[in-house]
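Respectively, the protein sequence lines represent chains A and B. Converting from the first sequence to the working numbering requires adding 238 to each position, the first position being numbered 1. Converting from the second sequence to the working numbering requires adding 238 to each position, the first position being numbered 1. I have placed the structure first, in the form of structure tokens, so that the comments after it can refer back to it.
There are 2 protein chains.
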Amino acid sequence: MPSYTAPTKDIQFVLHDLLKVSEQDVPGYDEMDRDFTAAVVEEAGKLASEVLSPLNASGDHEGVTLENGIVRTPKGFKEAFEQMKEGGWTALDCDPEYGGQGLPYLMNTAVQEPFVSANMAFNMYQGLTHGAYSAIHAHGSAEQKAKYLPKMVSCEWTGTMNLTEPHCGTDLGLMRTKAEPQADGSYKITGQKIFISAGDHDLADNIIHLVLAKIVGGPEGIKGVSLFIVPKFAVNDDGSLGARNAVSVGKIEEKMGIHGNATCVMNYDGATGYLLGEEHKGMRAMFTMMNEARLGVGLQGYAQAEAAYQNAVAYAKDRLQGRAVTGAENPNGPADPLIVHPDIRRNLMDQKSFVEGARALTYWGANLIDRAHRNNDKAADGLVSLLTPVIKGFQTDKGFEMATQAQQVYGGHGYIEEWGMSQFARDARITMIYEGANGVQALDLVGRKLAADGGKHVMAFFDLVKTECKAHDDERMKPFTDALKTASKQMQAAGMYFMQNGMKSPNNALAGSYDFMHMMGHVCLGLMWTRMAAAAYTALDAGASDTAFYETKIKTGLYYMARQMPACAMHLARIESGADTVMGLAADQF
Amino acid sequence: MPSYTAPTKDIQFVLHDLLKVSEQDVPGYDEMDRDFTAAVVEEAGKLASEVLSPLNASGDHEGVTLENGIVRTPKGFKEAFEQMKEGGWTALDCDPEYGGQGLPYLMNTAVQEPFVSANMAFNMYQGLTHGAYSAIHAHGSAEQKAKYLPKMVSCEWTGTMNLTEPHCGTDLGLMRTKAEPQADGSYKITGQKIFISAGDHDLADNIIHLVLAKIVGGPEGIKGVSLFIVPKFAVNDDGSLGARNAVSVGKIEEKMGIHGNATCVMNYDGATGYLLGEEHKGMRAMFTMMNEARLGVGLQGYAQAEAAYQNAVAYAKDRLQGRAVTGAENPNGPADPLIVHPDIRRNLMDQKSFVEGARALTYWGANLIDRAHRNNDKAADGLVSLLTPVIKGFQTDKGFEMATQAQQVYGGHGYIEEWGMSQFARDARITMIYEGANGVQALDLVGRKLAADGGKHVMAFFDLVKTECKAHDDERMKPFTDALKTASKQMQAAGMYFMQNGMKSPNNALAGSYDFMHMMGHVCLGLMWTRMAAAAYTALDAGASDTAFYETKIKTGLYYMARQMPACAMHLARIESGADTVMGLAADQF
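Written out as structure tokens, the structure reads:
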């Protein structure tokens with residue numbers, strides 16, 4: 239069975255050597271000194287390793303069950319959820335007014351990583367609650383906040399997000415769920431929602447559903463969509479629970495993975511709902527926390543790869559098979575460990591260099607979100623909006639690919655469920671789909687974010703890269719800055735191609751959107767590795783004692799620059815081939 | 239639930255327009271005229287669509303069960319297996335002396351494709367029998383052949399291949415299963431074998447296990463391995479079945495996919511076995527049919543992608559979501575079908591252009607095997623040996639990737655088992671692992687095949703590419719020949735890098751082996767598309783009536799050349815970065 243240990247040192251490196259959080263002028267960051275973050279991450283890591291990780295395979299195997307309308311989570315989930323609540327882990331970055339600890343979003347991100355690596359299906363129960371909390375916090379009335387938030391912060395009640403219907407997911411304008419206004423100001427919600435993660439379960443006393451629906455008589459399409467609070471049990475004014483609402487689980491979906499999470503078909507049969515935010519502004523309300531939600535999924539992508547990687551390394555060191563081509567390295571044993579073989583190294587280095595780069599990018603994104611929210615920094619807000627589809631789309635594609643590579647290290651054992659490597663791949667697969675399928679992320683990036691605010695944010699990104707390259711005019715940094723400069727120029731050329739040819743037909747831009755997302759992903763990780771290598775050299779120059787750690791960082795970065803950055807030229811060539819070959823066939827020629 | 243239709247027209251195109259089988263001077267090919275192959279493929283396609291495909295999802299869901307030592311296959315498998323036998327499909331290319339039809343291997347390949355696309359797990363029962371048949375046919379005594387082959391040709395008895403043990407798969411020299419010689423010339427086989435596909439089941443009266451084991455007192459390591467025939471039930475001289483042999487199923491593995499096939503732990507407890515071929519030459523005997531077996535797995539790779547692709551296309555045409563960016567294409571409907579969106583097109587064209595290219599390469603490989611066996615053509619034998627690791631490794635990596643892309647077209651529905659798209663990805667995943675994990679294919683290619691016979695075969699391959707490019711000195715063929723020339727030069731540069739730097743350290747070659755395998759895969763598919771486009775232009779110039787079909791071929795090829803061939807430059811850059819970054823870390827730095 240796989241195991242997991244939180245990579246505390248790597249997390250600390252990103253927080254302190256790379257982002258230098260204690261030096262940043264962001265409200266709340268003054269608390270985040272090395273000792274504090276180490277203690278918090280270690281404590282979270284302990285819960286992850288000792289409680290959540292052991293439930294990952296069993297939760298996958300057992301799955302959730304629906305019996306007589308009641309959803310049961312796998313054995314042990316209830317007790318683990320209690321520990322999560324008792325530890326205050328669900329409240330970390332929530333508003334102290336409602337019982338939260340008010341820590342920065344970045345701190346919460348560093349804590350979420352081990353939870354997600356250890357047991358993604360389990361962690362979604364609280365993750366979705368956090369999303370619903372944020373929506374109510376941003377758009378709820380004072381009364382709504384007082385009523386729902388304290389119990390959601392503590393996860394005594396959990397939350398869900400209800401968007402998708404059987405016939406529409408990406409195109410929510412087609413939605414059919416309706417909301418009929420009642421005399422008392424509430425609404426009767428009627429319709430069916432699908433793919434509702436944590437839609438029902440036995441971990442909490444109440445579930446607060448956030449449901450998108452169309453108010454009867456409102457505008458057509460997406461402009462007529464509003465957001466509603468629909469509690470599973472009515473909440474009385476004194477906070478006690480009242481009658482069961484007319485919402486029920488139609489069925490639980492059988493899925494490729496995340497079996498420990500209940501993915502429900504939810505039926506709303508005239509359920510009582512309360513408008514959250516303004517009428518017909520439901521999409522805006524739902525998307526307020528989109529950057530956070532998508533960044534959270536991007537984190538899931540690399541966090542699954544991290545867990546898979548740890549186990550692949552252990553197996554590669556343990557399994558004896560064949561001899562090193564340069565001479566036996568375990569001459570007294572019957573064979574050498576797998577890790578001596580160059581192609582196994584390639585496989586592991588792909589994983590390691592991706593995961594560490596993605597961690598840096600994700601934490602930087604979280605840092606920008608903090609700056610946007612806590613410092614009202616518009617530039618940070620613009621930049622993270624640009625980065626979000628890359629963090630989500632690129633990191634989940636690669637996260638799945640890397641989990642698959644980790645599985646490959648095990649050979650036939652990787653295919654057998656008993657070894658647990660299949661689960662990492664199966665669980666990671668969903669991250670490419672939910673919270674906006676990755677094709678939609680690419681569309682968002684190229685169709686919207688590049689040109690947003692007159693292209694200001696992408697220009698700022700290029701400036702950042704340029705500044706970074708200039709800052710390290712240093713022979714030993716050349717492998718980093720050279721590769722980054724080349725890739726950044728290629729990305730600029732792609733942007734130029736879109737501008738010039740998108741005029742003729744927007745298809746010329748959109749046919750290259752997926753490649754652009756990946757190209758920008760590599761540029762972002764190249765930027766992260768450049769910064770991390772510089773930080774590692776700085777530490778070494780300052781006489782840091784843990785030289786092996788910093789040297790490993792530099793070498794891992796060198797691998798990424800040499801082996802991954804060349805993908806950018808390929809993506810550019812594809813982009814510059816335009817839409818002709820992509821759109822060449824009539825639909826009936828497929 | 240997914241459906242499947244055999245792509246008869248595409249198969250006919252490869253057999254006749256591309257390979258021009260009727261014109262080839264290969265014994266048996268004279269029978270393969272257009273009408274005959276069309277009739278055979280259509281009939282096989284009917285069985286695939288109507289019988290095998292409907293059992294694919296149910297077989298996945300139900301899986302196999304082991305109760306009191308008896309393995310039961312999913313509902314319907316038994317009846318379907320009867321139909322397969324009755325149709326003579328198991329005997330197609332087998333030796334007429336033992337009841338086979340003696341058709342070329344290429345014909346069998348064209349028939350296997352629809353079976354594999356429709357139901358890979360099911361088809362493995364007869365596929366493995368065919369492998370065991372080939373081994374006995376090549377190495378058995380006259381008596382052994384007479385005893386076992388007729389029933390294996392008809393699949394009244396099935397076969398298995400027993401190589402892997404718990405502690406060794408790739409490195410079979412570590413094998414522990416032992417064979418003790420008996421006075422009557424037989425052996426007592428004792429040991430445990432794992433991952434035995436079709437190891438036991440209820441589809442046949444007897445199972446003929448081929449088992450690798452070490453004769454007690456023989457040489458150490460791989461040089462002491464022999465191959466044995468171990469029948470589940472003893473076969474009396476009159477052909478009737480005797481006592482149960484001491485071989486039993488330890489357990490059935492729970493796997494990521496191919497749930498309909500029984501993957502067994504097999505325990506041999508002093509089971510009676512008969513030496514097949516020479517003492518201590520077991521590996522040679524087992525590997526005689528390696529090219530065929532690996533080509534068969536390469537076929538599985540693209541055949542799963544083909545089935546997934548067909549369903550992704552159907553969904554993309556049916557599902558209404560969003561509007562074309564260039565203006566509504568379904569203005570009277572609530573939204574446009576997915577297929578109008580450029581990124582969905584990119585996704586589908588990736589699949590289509592890969593599958594059709596891979597089919598051509600696989601059939602060409604089968605054609606070379608026929609030439610090697612039937613014409614004793616040494617050049618063909620050398621060439622197919624070179625191509626085999628590429629067909630296996632590249633096509634299964636891409637097949638899985640494409641099945642995953644097909645799943646992505648379905649959005650959330652792709653993750654739900656009910657829709658069947660997850661199964662294509664889960665089933666395809668094994669093809670990257672078994673019959674030699676893809677890293678081992680890359681090692682075989684770069685470490686062995688490139689230099690085999692003084693590099694003669696790879697030089698012949700480059701000559702072929704050169705000749706092909708020269709043969710089409712034609713403006714309309716330029717997009718094909720230009721891209722192919724560029725990629726071929728890059729592949730030559732990679733080979734040169736290996737020669738020059740492999741001297742310093744073999745790691746410099748092996749660290750690039752995986753990239754080389756993929757690079758050569760693209761060159762091979764580029765070559766196939768160049769040939770297919772030329773064949774399509776020839777047909778159009780000759781006034782072929784089905785212009786849409788041939789135009790689609792050309793456009794699909796143009797996509798491949800524009801969008802996939804640029805990967806070669808990336809692979810070259812990685813290869814030329816050498817082993818330094820790959821091998822840079824000490825094992826404890828991972």
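No residue lacks a Cβ here, since even glycine has one placed at the ideal position from N, Cα and C. All figures in this text were calculated on a predicted structure; none of them were measured in a lab.
Cβ of residue i within 9 Å of any chain A Cβ
| i | result |
| --- | --- |
| B/Met737 | no |
| B/Asn585 | yes |
| B/Tyr797 | yes |
| B/Thr402 | yes |
| B/Arg714 | no |
| B/Met494 | yes |
| B/Glu656 | yes |
| B/Val278 | no |
| B/Val820 | yes |
| B/Val463 | no |
| B/Gln633 | no |
| B/Pro312 | no |
Option nearest residue i by Cα separation, candidates the options
| i | options | result |
| --- | --- | --- |
| A/Gln250 | A/Gly534, A/Gly301, A/Glu288, A/Val349 | A/Val349 |
| A/Lys452 | A/Ala376, A/Arg667, A/Leu514, A/Glu280 | A/Leu514 |
| A/Tyr788 | A/Leu558, A/Gly565, A/Arg769, A/Asp826 | A/Arg769 |
| A/Leu702 | A/Asn357, A/Asp409, A/Asn746, A/Leu621 | A/Leu621 |
| A/Arg310 | A/Ile792, A/Met734, A/Tyr798, A/Ala436 | A/Ala436 |
| A/Asp422 | A/Thr510, A/Lys389, A/Glu335, A/Tyr386 | A/Thr510 |
| B/Gly369 | B/Met524, B/Met358, B/Pro265 | B/Met524 |
| B/Gly759 | B/Leu253, B/Ala774, B/Ser726, B/Asp784 | B/Ser726 |
| A/Thr634 | A/Leu533, A/Ala384, A/Gly764, A/Phe828 | A/Leu533 |
| A/Asn361 | A/Lys723, A/Asp784, A/Ile671, A/Ala500 | A/Ala500 |
| B/Leu624 | B/Leu683, B/Leu257, B/Met741, B/Ile467 | B/Leu683 |
Contact set between residue i and chain B, taken where Cβ atoms lie within less than 8 Å
| i | result |
| --- | --- |
| A/Ala451 | What A/Ala451 touches in chain B: nothing, since even the nearest Cβ is about 17 Å away. |
| A/Ile671 | Gln646, Gly649, Gly650, Gly652, Tyr653 |
| A/Ser751 | Pro580, Asp581 |
Under 9 Å by beta carbon: chain B residues contacting residue i
| i | result |
| --- | --- |
| A/Pro457 | Result: empty, since nearest Cβ-Cβ is about 15 Å, beyond 9 Å. |
| A/Asn605 | Neighbours of A/Asn605 on chain B: none; closest Cβ ~27 Å, over 9 Å. |
| A/Glu706 | Chain B residues near A/Glu706: none, gap ~21 Å exceeds 9 Å. |
Presumed contact (8 Å Cβ cut-off) between residue i and residue j, rounded CB distance
| i | j | result |
| --- | --- | --- |
| A/Arg584 | B/Ala749 | 6 Å |
| B/Tyr553 | B/Val593 | Contact doesn't hold; Cβ gap of about 17 Å is too wide. |
| B/Tyr512 | B/Val485 | Rounded, the Cβ-Cβ distance is 13 Å, inconsistent with contact. |
| B/Gly674 | B/Met755 | Rounded, the Cβ-Cβ distance is 12 Å, inconsistent with contact. |
| B/Ser355 | B/Ala541 | 4 Å |
Contact with chain B by residue i, beta-carbon distance below 9 Å
| i | result |
| --- | --- |
| A/Ser815 | yes |
| A/His405 | yes |
| A/Ala731 | no |
| A/Asn346 | no |
| A/Ala436 | no |
| A/Ala282 | no |
| A/Pro744 | yes |
| A/Thr642 | yes |
Backbone CA spacing between residue i and residue j [nearest angstrom]
| i | j | result |
| --- | --- | --- |
| B/Thr408 | B/Glu281 | 39 Å |
| A/Gly685 | A/Pro580 | 41 Å |
| A/Gln728 | B/Asp753 | 22 Å |
| A/Gly365 | A/Ala562 | 45 Å |
| B/Leu479 | B/Pro388 | 14 Å |
Chain-ordered neighbours of residue i on chain A, where CB pairs are closer than 8 Å
| i | result |
| --- | --- |
| B/Val309 | What B/Val309 touches in chain A: nothing, since even the nearest Cβ is about 17 Å away. |
Neighbouring residues, chain A, relative to residue i (Cβ below 7 Å)
| i | result |
| --- | --- |
| B/Gln827 | Ala786, Thr790 |
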